[in-house]
Amino acid sequence: MRQVKLGGMAKGWRSVPYENTEQYVTDLLTLELQERETNRINRMVKTTGFRVMKTLDDFVWNSAIELPGGLPQEYMTDLQFLAPKENLIFMGSVGTGKNHLATALGPRSSIHGRLRILRTELPRPCFRGNP
């Protein structure tokens with residue numbers, strides 16, 4: 107099965123019970139589609155360049171975190187900014203959770219095929235002459 111690039115089937119065909127031919131083939135193809143989707147998500151997350159994976163489950167929202175214009179937290183956590191193609195810029199003092207938020211939202215948005223890179227710092231200014 108690997109020669110015809112059906113790795114999902116090759117991994118899980120033993121776990122599929124046989125009731126009839128149609129059911130068996132459908133279940134095998136479902137296994138293959140699930141494996142391909144998992145691989146796609148893993149590739150997208152890998153290409154975004156996250157060194158550490160974080161989630162919103164362990165993020166602590168505190169009073170130092172302010173969202174502009176009265177936007178609710180759900181606007182960010184539910185990825186509502188993706189539909190209107192808006193960017194998120196996290197600014198604040200050290201230890202407020204900017205990198206944690208970015209590395210938690212990044213993989214979620216890459217699953218939707220929206221995020222390609224992550225910048226965790228501003229580019230260094232260029233000086234002409236003596237710095």
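In terms of the numbering used here, the sequence shown opens at residue 107 and continues consecutively.
Where a beta carbon is used, it is the ideal one built from N, C-alpha and C, also for glycine.
Just so you know, these numbers come straight off a predicted model, no measurement behind them.
- Beta-carbon to beta-carbon, alanine 170 and threonine 209 are separated by about 18 Å, too far to satisfy the 8 Å threshold.
- When Gly198, Phe196, Tyr181, Met197 are compared, the shortest CA-CA separation from proline 190 is found for Tyr181.
- Collapsing the DSSP output to three states places methionine 197 in coil.
- Judged by DSSP secondary structure, tyrosine 181 falls within the alpha helix (DSSP H) whose first and last residues are 179-183.
- If you draw a straight line from the Cα of leucine 112 to the Cα of tyrosine 124, it comes to about 19 Å.
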